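Spelled out as structure tokens, the structure:
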């Protein structure tokens with residue numbers, strides 16, 4: 002992609018979209034789509050910023066009795082869409098059973114034949130988390146407004162996964178026997194229940210000792226303490242230069258907040274846009290009045 006002096010983060014929405022176009026290579030996506038999972042494989046299929054890493058750690062702890070020898074979670078639980086570009090063979094056996102993978106694909110696109118764990122999350126919270134995650138990795142801090150990012154990522158969805166379509170495809174499959182579904186917000190309210198359900202779904206006998214270690218090792222405090230194992234450094238090593246990005250960059254998926262932290266918030270215009278899109282994309286097509294109503298139905 003050129004010398005290191007030519008590598009830089011985006012400073013405009015147009016530059017950002019050009020970088021996004023290079024992130025998922027044709028070869029890596031072809032490799033993903035041709036993958037034939039076994040019936041015991043489990044694919045964690047969330048929309049970005051909806052609890053993927055948290056679920057990767059819960060499931061990996063359960064199958065490995067708390068193994069923490071991995072360099073980064075995306076090596077222990079490969080991401081289908083970028084595995085090829087990261088030098089990972091999806092057909093390889095994994096150190097622990099069942100094999101685990103992650104994906105952000107819709108129910109229509111994801112390789113069939115496995116078992117699936119799906120997590121839904123409030124669209125406004127996904128938007129904020131997505132923006133924070135991309136800032137200082139894909140684009141320079143402050144160079145793209147939340148409003149412009151939202152137009153591309155959530156409303157026009159140019160060069161992005163489509164939250165609304167992803168939601169609809171997995172909503173139709175959420176009660177299938179090969180699918181285990183959660184709402185992110187409900188998970189936070191009852192982690193014990195989540196661990197038990199995931200263990201049953203993975204066909205893992207859950208002793209009290211395994212339950213305790215999984216709860217501890219998947220806690221925010223533990224994952225923050227081991228943050229380097231839950232960032233994107235291996236993905237960045239494989240893809241940054243190809244995308245025209247400099248080395249490193251913010252990629253933490255385990256947030257900590259200093260005492261003076263002032264969270265980014267949705268303004269009234271964005272709230273109205275999200276409500277309007279929910280009405281058109283979800284309410285009229287699925288009959289769900291609001292995400293809040295859907296979340297309650299998933300308890």
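In my numbering, the protein residues as written are 2 to 300. Note that CB positions come from ideal geometry on N, CA and C, so glycine has one too. Model, not experiment: these values are computed from the prediction.
Asked: Residue span of the beta strand (DSSP E) that contains residue 281, given as start and end; Found: Unbroken run through residue 281: none, as it is neither H nor E.
Asked: The region 63-73 touching the region 225-243, judged by at least three CB pairs closer than 8 angstroms; Found: yes
Asked: Residue span of the alpha helix (DSSP H) that contains residue 36, given as start and end; Found: Per DSSP, residue 36 belongs to no alpha helix (DSSP H) and is neither H nor E.
Asked: The alpha helix (DSSP H) enclosing residue 182, as first and last residue numbers; Found: Note, residue 182: premise wrong, no alpha helix (DSSP H); beta strand (DSSP E) at 180-184.
Asked: Segment limits, alpha helix (DSSP H) that includes residue 131; Found: 124-135
Asked: DSSP beta-bridge partners of residue 140; Found: 11 and 136
Asked: Proximity below 8 angstroms, CB of residue 112 to CB of residue 202; Found: no
Asked: Residue interval of the alpha helix (DSSP H) (run including residue 111); Found: Neither: residue 111 is in no alpha helix (DSSP H) and is coded neither H nor E.
Asked: Residue 89 classed as buried or exposed, judged by whether at least 16 other C-beta atoms fall within 10 angstroms; Found: buried
Asked: Where the beta strand (DSSP E) containing residue 101 begins and where it ends; Found: 101-104
Asked: Residue from 38, 86, 165 and 187 whose Cα sits closest to the Cα of residue 49; Found: 165
Asked: C-beta atoms of residue 182 and residue 59 nearer than 8 angstroms; Found: no
Asked: Segment limits, alpha helix (DSSP H) that includes residue 76; Found: 74-77
Asked: Through-space distance from residue 267 to residue 247, alpha-carbon basis; Found: 30 angstroms
Asked: Backbone secondary structure at residue 192 - three-state DSSP; Found: helix
Asked: Own chain, CB closer than 6 angstroms to residue 283, minus 5 neighbours either side, in chain order; Found: 289
Asked: Cβ neighbour criterion (16 or more within 10 Å) applied to residue 81; Found: buried
Asked: DSSP state of residue 120 mapped onto helix, strand, coil; Found: strand
Asked: Member of 135, 170, 54 and 130 whose CA lies at the smallest distance from the CA of residue 323; Found: Residue 323 cannot be examined here, being either before or after the span of the chain that is shown, 2 to 300.
Asked: Cα-Cα separation, residue 139 to residue 157; Found: 19 angstroms
Asked: Range covered by the alpha helix (DSSP H) that runs through residue 59; Found: 53-65
Asked: Where residue 330 falls, given that 16 or more other Cβ within 10 Å makes a residue buried; Found: The requested residue 330 does not occur in the structure, where the chain is confined to residues 2 to 300.
Asked: Distance, residue 107 Cα to residue 114 Cα; Found: 14 angstroms
Asked: Whether residue 56 touches residue 120 by CB criterion (8 angstroms); Found: yes
Asked: Inter-residue Cα distance where the pair is residue 15 and residue 294; Found: 36 angstroms
Asked: Rounded straight-line distance, which links the Cα of residue 41 to that of residue 101; Found: 9 angstroms
Asked: Span of the beta strand (DSSP E), counted from its first residue to its last, around residue 46; Found: 43-46
Asked: Alpha helix (DSSP H) segment containing residue 222, residue limits; Found: 221-226
Asked: Residue burial classification, residue 260 (beta-carbon count within 10 angstroms, cutoff 16); Found: Confidence at residue 260 is low in this model, with a pLDDT of 49, below 50, so its placement is unreliable and no value can be given for it.
Asked: Cβ pair residue 45, residue 245 closer than 8 angstroms; Found: no
Asked: Alpha-carbon spacing of residue 95 relative to residue 78, whole angstroms; Found: 9 angstroms
Asked: Span of the alpha helix (DSSP H) around residue 151; Found: 147-151
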